[in-house]
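A.B. asks: Residue numbers (the working numbering): 16 to 777. Every residue, glycine too, gets a C-beta built ideally from N, C-alpha and C. If you're wondering where the values come from, they're calculated on a predicted model, not measured in any experiment. Take this structure first; my questions come after.
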């Protein structure tokens with residue numbers, strides 16, 4: 016269960032903000048620019064406030080030694096060495112990329128932190144309390160977020176956002192110039208090495224009041240006037256640094272310019288470039304815990320949550336005895352249990368379906384969010400905070416359509432179709448009908464729905480992103496073409512909205528309407544499901560665009576942690592360091608939302624199998640590599656006691672460099688078991704010899720043999736690995752993978768810790 020935080024906009028922080036707003040210096044050039052340019056800046060600070068940034072000139076305080084290299088394909092590597100010509104205090108340097116002919120219509124993205132400039136309506140709400148009651152049932156409600164760094168939506172107002180490299184999944188700024196159809200990506204490094212620490216770079220965007228000019232700034236060190244917190248802001252601890260004459264500060268930026276007609280094209284190029292961090296070794300994650308071992312650990316944790324009270328028996332998804340539907344595990348943690356195929360887990364899954372599908376239903380067919388062990392609806396979070404009882408999160412209901420239907424299909428595939436009860440199927444039909452009815456009446460599924468009437472309680476957002484996948488599966492299972500027709504209409508509307516705005520939102524019940532990673536992977540799953548169910552290949556490029564959006568939420572490089580953080584104190588063996596004396600958080604953690612600002616082990620709550628399907632269909636290893644990174648990062652969150660935490664973050668807004676709560680997170684148990692179930696350890700195309708390793712093992716040799724291949728596997732971990740091998744030829748790979756395909760992956764090879772084995776691929 017996610018920890019509860021209160022609003023962090025302190026009076027002191029607001030006082031700093033007011034003072035800074037009156038006296039702070041601007042990052043913009045002193046006069047309007049007529050063409051794009053680059054300025055090298057000498058920066059002066061008073062506490063966390065910029066009080067001056069002058070261009071470096073001859074006779075000033077710095078000498079700059081530039082190195083500019085054209086790498087082709089629109090990429091220019093820029094390295095600027097600033098040499099101090101005198102002793103200085105409270106200082107810094109910066110590289111500003113000025114943009115002429117700017118417009119606030121342009122799209123600005125800083126990975127995991129800023130999407131579309133975050134030009135949203137801002138309100139101050141405590142954690143998990145939802146919107147103010149006056150915002151419900153308003154069709155004209157603007158997208159609403161808690162206080163976050165943003166470019167102002169108000170024309171003529173001051174507009175500046177300031178972040179550090181620790182605030183983003185990749186130290187980058189991406190821009191779509193809509194008028195000129197060009198894209199620009201600025202990728203920098205983490206920061207300045209300073210006495211066994213790294214001072215994070217700043218990532219700053221500022222616009223002129225008339226929005227005709229903007230500057231994109233990489234500052235060294237980064238100094239924010241206000242520090243973004245889990246919610247809101249606090250006083251900034253950032254300061255300029257002290258240098259002596261002769262000291263050198265180096266700023267490196269890869270500037271990538273290219274023709275770019277739209278947001279999907281920008282995100283696609285970003286995904287291809289996101290690991291090209293200047294002066295940083297690419298990281299593919301450490302081999303820590305094989306997927307077979309992860310499955311055993313996570314299923315043991317899930318089994319520990321099985322409630323057994325006389326006639327009340329079911330899998331609890333959280334650290335309480337309630338049933339919370341969808342989202343973080345309710346009737347989703349049953350999927351890996353069912354996949355095991357043994358009688359005891361089947362019995363427990365049936366008991367969970369009996370309980371979960373016989374309670375919590377509103378008159379419309381939608382589920383309420385949560386029911387207690389007595390079967391009565393519990394009012395939690397937004398419903399309790401504002402006393403608005405008749406609301407339910409759209410996303411929870413979308414999960415509840417997709418996952419039970421998928422499990423019904425699995426039961427039939429396992430030969431247990433007779434155990435599927437008619438009342439379960441009737442319940443799923445009513446839920447599918449509820450989605451159809453809401454769509455026909457409102458043309459959207461909104462953020463929250465009314466389970467009694469089926470009306471939209473909170474409009475806007477992509478909260479129904481998983482609904483097309485659920486309706487598509489339901490159309491097959493119940494042989495109902497109307498479900499598929501509505502799924503296609505809904506997916507088109509959701510994709511078109513994303514293609515314009517450049518983000519998805521509305522998947523998390525503990526935040527407002529901030530952009531989030533959870534709806535991104537949900538819409539990706541819906542698009543891939545529709546591609547497979549319909550055979551319509553036009554869904555594939557759309558799915559690729561959503562995969563690129565997912566990559567923007569995923570850590571792309573090994574961030575070096577401050578020495579005083581818990582992970583750093585535990586040393587490199589734990590943290591995935593590049594060197595023996597450097598502690599770093601590795602790639603693959605998935606950030607939650609622009610509000611929550613933390614990385615976690617995996618998608619909430621999915622295996623990411625849509626990425627595997629996309630890789631298998633397109634052959635593009637970017638999708639496989641992203642999924643591999645996420646699988647490997649999941650193991651980083653597993654504690655010595657076999658439990659797992661949702662905190663794998665370097666952001667200074669939340670649990671910085673901490674392994675979290677000792678392991679109390681049900682949804683990470685579920686997604687870990689899902690990954691071990693739905694993703695093969697090794698995939699190989701036997702016609703081409705192309706293979707990819709997702710598991711924590713290495714293929715040291717692959718030899719072509721008569722009738723197949725001989726593969727040599729090495730297990731570098733401390734645990735025995737039973738590796739699933741999924742081998743198919745090109746004609747088989749051309750067909751849709753479908754769901755529950757893992758039941759056919761019978762090739763498995765066991766490798767002892769630290770040992771190698773040869774395996775004949777069949």
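Starting from residue 560, trace the alpha helix (DSSP H) both ways and give me its first and last residue.
C.D. replies: Looking at the DSSP string, the run of the alpha helix (DSSP H) that includes residue 560 is 554 to 567.
A.B. asks: Measure the C-alpha to C-alpha separation of residue 508 and residue 555 and round it to an integer number of angstroms.
C.D. replies: Spanning the two alpha carbons is a distance of roughly 16 Å.
A.B. asks: With DSSP as the reference, label residue 339 as helix, strand or coil.
C.D. replies: Residue 339 falls in the strand class under three-state DSSP.
A.B. asks: Under a Cβ-count criterion, where at least 16 other Cβ atoms within 10 Å of its own Cβ denotes burial, should residue 692 be classed as buried or exposed?
C.D. replies: Buried, since its Cβ has 16 or more Cβ neighbours within 10 Å.
A.B. asks: Quick check on residue 424: does DSSP put it in helix, strand or coil?
C.D. replies: Helix at residue 424.
A.B. asks: Between which two residues does the alpha helix (DSSP H) carrying residue 691 extend?
C.D. replies: From DSSP, the alpha helix (DSSP H) with residue 691 extends over 681 to 693.
A.B. asks: Report yes or no: is there a C-beta of chain B within less than 9 Å of the C-beta of residue 149?
C.D. replies: Of the protein chains in this structure there is only one, and it is not chain B.
A.B. asks: Closer than 8 Å by C-beta to residue 460: which residues in its own chain qualify, once you throw out the five before and the five after it? Chain order, please.
C.D. replies: Cβ neighbours of residue 460 beyond the five flanking positions: 409, 413, 450, 453, 454, 471, 478, 479, 482, 505.
A.B. asks: What residues match up with residue 1 in a beta bridge as DSSP calls it?
C.D. replies: A query on residue 1 cannot be resolved here, the shown segment of the chain reaching from 16 to 777 and no further.
A.B. asks: Can you give me the Cβ contacts of residue 98 inside the same chain, cut-off strictly under 6 Å, excluding the 5 residues immediately before and after it?
C.D. replies: Same-chain partners within the cutoff: 78, 263.
A.B. asks: Assuming contact is defined by CB atoms lying nearer than 9 Å, are residue 232 and residue 112 in contact in what I supplied?
C.D. replies: In this structure, residue 112 lies closer than 9 Å to residue 232 by Cβ.
A.B. asks: Am I right that residue 520 and residue 531 are in contact with their C-beta atoms under 8 Å? What's the rounded C-beta distance?
C.D. replies: About 6 Å; that satisfies the 8 Å criterion.
A.B. asks: Between the alpha carbons of residue 302 and residue 313, how many angstroms are there, rounded?
C.D. replies: Near 18 Å, if we compare the C-alpha coordinates of residue 313 and residue 302.
A.B. asks: Considering only residues of the same chain and omitting the five flanking positions on each side of residue 621, which have a CB-CB separation below 7 Å?
C.D. replies: The answer, listed in chain order, is 536, 540, 686, 689.
A.B. asks: Quick one, which of 140, 518, 175, 469 has its alpha-carbon nearest residue 246's?
C.D. replies: Measuring from the Cα of residue 246, the nearest candidate turns out to be 140.
A.B. asks: Once the 5 residues before and after residue 517 are set aside, which same chain residues still bring their CB inside 6 Å of it?
C.D. replies: Around residue 517: 122, 130, 131, 278.
A.B. asks: Measuring straight from C-alpha to C-alpha, what distance separates residue 108 and residue 701?
C.D. replies: For residue 108 and residue 701, the distance between alpha carbons rounds to 54 Å.
A.B. asks: Would you call the stretch 321 to 336 and the stretch 599 to 610 in contact, with 3 or more CB pairs under 8 Å?
C.D. replies: Output reads no: the stretch 599 to 610 does not touch the stretch 321 to 336.
A.B. asks: If you follow the beta strand (DSSP E) that residue 96 is part of, which residue opens it and which one closes it?
C.D. replies: 90 to 99 is the extent of the beta strand (DSSP E) around residue 96.
A.B. asks: Under 9 Å, do residue 431 and residue 355 count as touching if we go by C-beta distance?
C.D. replies: No, they are not a contact pair.
A.B. asks: Among the candidates 538, 614, 672, 514, whose CA atom is the shortest distance from the CA of residue 645?
C.D. replies: When only C-alpha atoms are compared, the closest one is 614.
A.B. asks: Am I right that residue 527 and residue 161 are in contact with their C-beta atoms under 8 Å? What's the rounded C-beta distance?
C.D. replies: The Cβ separation is near 6 Å, so the contact holds.
A.B. asks: Anyone know if the C-beta pair for residue 672 and residue 752 falls short of 9 Å?
C.D. replies: In this structure, residue 752 does not lie closer than 9 Å to residue 672 by Cβ.
A.B. asks: CA-CA distance, residue 680 and residue 652?
C.D. replies: Cα-Cα distance, rounded: 10 Å.
A.B. asks: Specify the secondary structure class of residue 612 as computed by DSSP and reduced to three states.
C.D. replies: Residue state, collapsed to three classes: coil.
A.B. asks: Please state whether the Cβ-Cβ distance between residue 207 and residue 256 is less than 9 Å.
C.D. replies: Cβ distance < 9 Å, so residue 207 and residue 256 count as in contact.
A.B. asks: For residue 191 and residue 204, what's the separation of their Cα atoms in angstroms?
C.D. replies: One C-alpha to the other measures close to 22 Å.
A.B. asks: Using three-state DSSP, classify residue 716 as helix, strand or coil.
C.D. replies: The answer is strand: DSSP assigns residue 716 an E or B state.
A.B. asks: Under 8 Å Cβ to Cβ from residue 159, same chain only, skipping five residues before and after it: list those, please.
C.D. replies: Contacts found: 135, 136, 137, 138, 146, 150, 527, 528.
A.B. asks: Smallest Cα separation from residue 755: which of 316, 639, 624?
C.D. replies: Answer by Cα proximity: 624.
A.B. asks: Out of curiosity, what's the CA-to-CA distance linking residue 637 and residue 570?
C.D. replies: Their Cα atoms are separated by approximately 14 Å.
A.B. asks: I'd like the span of the beta strand (DSSP E) that includes residue 740, first residue to last.
C.D. replies: That run of the beta strand (DSSP E) goes 736 to 743.
A.B. asks: Does the beta-carbon of residue 325 have 16 or more other beta-carbons within 10 angstroms, so that it is buried, or is it exposed?
C.D. replies: Exposed: under 16 other Cβ atoms inside 10 Å.
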